[in-house]
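A.B. asks: Okay, so the sequence shown: first residue is 1 according to the UniProt record's numbering, each after it adds one. Cβ atoms here follow ideal geometry from the backbone N, Cα and C, with glycine treated the same way. Here it is: the structure, laid out below.
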Amino acid sequence: MSQRRRLPNSLRWRARLWDQYQSEDSVSRRPVPGRPRATTPAEDRFLALSARRRRTTTVPQLVADHFQASGRRISATTVRNRLHNAGLYARRPVVCVPLNERQRRNRLCLAREHVSWTQQQWASVLALDTINPTLLKDSYRGGGILVWAGISLGGHTDLHVFHGGTVTGLRYRDEILDPYVRPYAAAIGNDFILMDDNARPHRARIVEEYLEDHGLERMEWPARSPDLNPIEHLWDYLGREVAALNPPPRSLHELKQGLLCVWSSLPIPVSDNLINSMGNRCRQCIQVRGGHIPY
């Protein structure tokens, strides 16, 4: 009924509609002349083809290419609209470290070995990582600091701050493995598994000997695989929480105190969700046959 009210109700309108039907066999509205399109169908195809052939090209470059080919200038908005009509949208490329065949094969082996693990099995894993938190801000006066932490299902270690110098295998053993990892392993039990990356201090001979002497099992970790390490995303969370502090840290000392404060109040579900994501990470890694995954 609402549509019928919108239609004109005059004899002249009915007569004109009947005449149109008699002459055109249709009562649809005729196209109304408007502003002509800035590009022709051939030019639309040219823009879409240029964008597909050169994936890294930009809209200003396409504007210049069109002017060089046709001698007519069109706006950047017109180019974007034509690309959108062709199903092409701007995307920022994912920054990933390149993988060779051996690295992809090792990643695939890790994923296949652990894709069927249960939550109980993952509960025995302690995931470790180190980060330079000064990267979270533009700059801090007085140099830089390095922090380390570990997470597992149902808990996490304390946040450790390295004070000055380079982290070596000796420091990793004396400042991390002995005071943090070894007691944590004792609390988990005989099924404890250490998950850390292939950083040089982690794979030093002195570290390997310490793990062997104390019966600590380590998960074989493929090179160039930060996307498979669940703790990597925790640094993003930590950075956001520290940046949200009021007032924000203005020095290395304030940054350190802020990191320790945020870490001490880290909700357990946050770290648990990251550990529980390992099954999905492994499945996605298998789907791309050892390639990078969107984590």
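At what residues does the alpha helix (DSSP H) containing F67 begin and finish?
C.D. replies: In the sequence shown, residue 67 corresponds to position 67, counting from 1. F67 -> alpha helix (DSSP H) spans V59 to S70.
A.B. asks: Tell me the rounded alpha-carbon separation between R4 and I293.
C.D. replies: Position 4 of the sequence shown, counted from the first residue, corresponds to residue 4. Position 293 of the sequence shown, counted from the first residue, corresponds to residue 293. Legend: pLDDT at R4 = 47, less than 50; position of this residue unreliable, no value from coordinates given.
A.B. asks: Please name the residue in N100, R14, A244 and D272 whose C-alpha comes closest to that of A127.
C.D. replies: Numbered from its first residue, the sequence shown carries residue 127 at position 127. Ranking N100, R14, A244 and D272 by Cα distance to A127 puts D272 first.
A.B. asks: Go through the region 204 to 260 residue by residue and report every complete run of the alpha helix (DSSP H) that reaches 4 residues or more, in order.
C.D. replies: As far as the region 204 to 260 is concerned, its whole alpha helix (DSSP H) runs of at least 4 residues are 205 to 213 and 232 to 243.
A.B. asks: With a CB to CB cut of under 6 angstroms and the five nearest residues on each side skipped, what residues in its chain are close to G279?
C.D. replies: As a first step, residue 279 is located in the sequence shown; it is residue number 279 there, counting from the start. For G279, where only same-chain residues beyond five positions count, there are no Cβ hits under 6 angstroms.
A.B. asks: Among residues of its own chain, excluding the 5 on either side of I275, which ones have a beta-carbon nearer than 6 angstroms to its beta-carbon?
C.D. replies: Taking the first residue of the sequence shown as position 1, residue 275 is located at position 275. Excluding residues within five positions, the ones whose Cβ falls inside 6 angstroms are W122, L153 and P230.
A.B. asks: Given this structure, state the Cα-to-Cα distance separating C285 from E212, to the nearest angstrom.
C.D. replies: Stepping through the sequence shown from its first residue, residue 285 is reached at position 285. Stepping through the sequence shown from its first residue, residue 212 is reached at position 212. Approximately 30 angstroms between the Cα atoms of the pair.
A.B. asks: Would D191 be called buried (16 or more neighbouring beta carbons within 10 Å of its own) or exposed?
C.D. replies: Position 191 of the sequence shown, counted from the start, is the residue given in the question as residue 191. Looking at its Cβ environment, which holds fewer than 16 other Cβ atoms inside 10 Å, D191 is exposed.
A.B. asks: Does the region 178 to 190 come close enough to the region 70 to 80 to have 3 or more Cβ pairs within less than 8 angstroms?
C.D. replies: No, the region 178 to 190 is not in contact with the region 70 to 80.
A.B. asks: Relative to the C-alpha of R91, which residue among A244, L238, R55 and L110 is closest?
C.D. replies: On the sequence shown, position 91 is the one that residue 91 refers to. R91 has its Cα closest to that of R55, out of A244, L238, R55 and L110.
A.B. asks: Quick check on the burial criterion: 16 or more other C-beta atoms within 10 angstroms. Buried or exposed for H214?
C.D. replies: Locating residue 214 in the sequence shown gives position 214, where the first residue counts as 1. H214 comes out exposed.
A.B. asks: Using the Cα positions of H253 and R289, report the straight-line distance between them to the nearest angstrom.
C.D. replies: Numbered from 1 along the sequence shown, position 253 holds the residue referred to as residue 253. Numbered from 1 along the sequence shown, position 289 holds the residue referred to as residue 289. When rounded, the distance between both Cα atoms is 45 angstroms.
A.B. asks: Taking the C-alpha atoms as reference points, what is the distance between E217 and L194?
C.D. replies: Along the sequence shown, one-based indexing puts residue 217 at 217. Along the sequence shown, one-based indexing puts residue 194 at 194. Near 6 angstroms, if we compare the C-alpha coordinates of L194 and E217.
A.B. asks: Closest to T168 by C-alpha separation, out of T118, A149, A204 and V147, would be which residue?
C.D. replies: Position 168 of the sequence shown, counted from the first residue, corresponds to residue 168. It is A204 whose Cα lies nearest to the Cα of T168.
A.B. asks: Just tell me which of Q257, G150, T78 and A223 has its CA closest to the CA of P183.
C.D. replies: If you number the sequence shown from 1, residue 183 lands on position 183. Of Q257, G150, T78 and A223, the residue nearest in Cα terms is G150.
A.B. asks: Taking 8 angstroms as the cut-off, decide whether the C-beta atoms of L238 and W263 are in contact.
C.D. replies: Mapped onto the sequence shown, residue 238 falls at position 238. Mapped onto the sequence shown, residue 263 falls at position 263. Cβ distance < 8 angstroms, so L238 and W263 count as in contact.
A.B. asks: Sorted by chain position, which residues of the same chain lie with C-beta nearer than 6 angstroms to L110's C-beta, five sequence neighbours on each side aside?
C.D. replies: Counting from 1 along the sequence shown, the entry for residue 110 is found at position 110. Correct list, in chain order: P222.
A.B. asks: If I follow the unbroken beta strand (DSSP E) through V125, where does it start and stop?
C.D. replies: Sequence index remark: in the sequence shown, residue 125 carries index 125 (1-based). Unbroken beta strand (DSSP E) run through V125: V125 to I131.
A.B. asks: Is DSSP giving V161 helix, strand or coil here?
C.D. replies: The sequence position of residue 161 within the sequence shown is 161, counting from 1. Note: V161 maps to strand in three-state DSSP.
A.B. asks: Which stretch, first to last residue, makes up the beta strand (DSSP E) that contains I151?
C.D. replies: In the sequence shown, the residue the question calls residue 151 occupies position 151. That run of the beta strand (DSSP E) goes L146 to S152.
A.B. asks: So who's on the other strand from M278, going by DSSP bridges?
C.D. replies: On the sequence shown, residue 278 is found 278 positions in, with the first residue counted as 1. In the DSSP output, where bridge partners are listed per residue, M278 has none listed.
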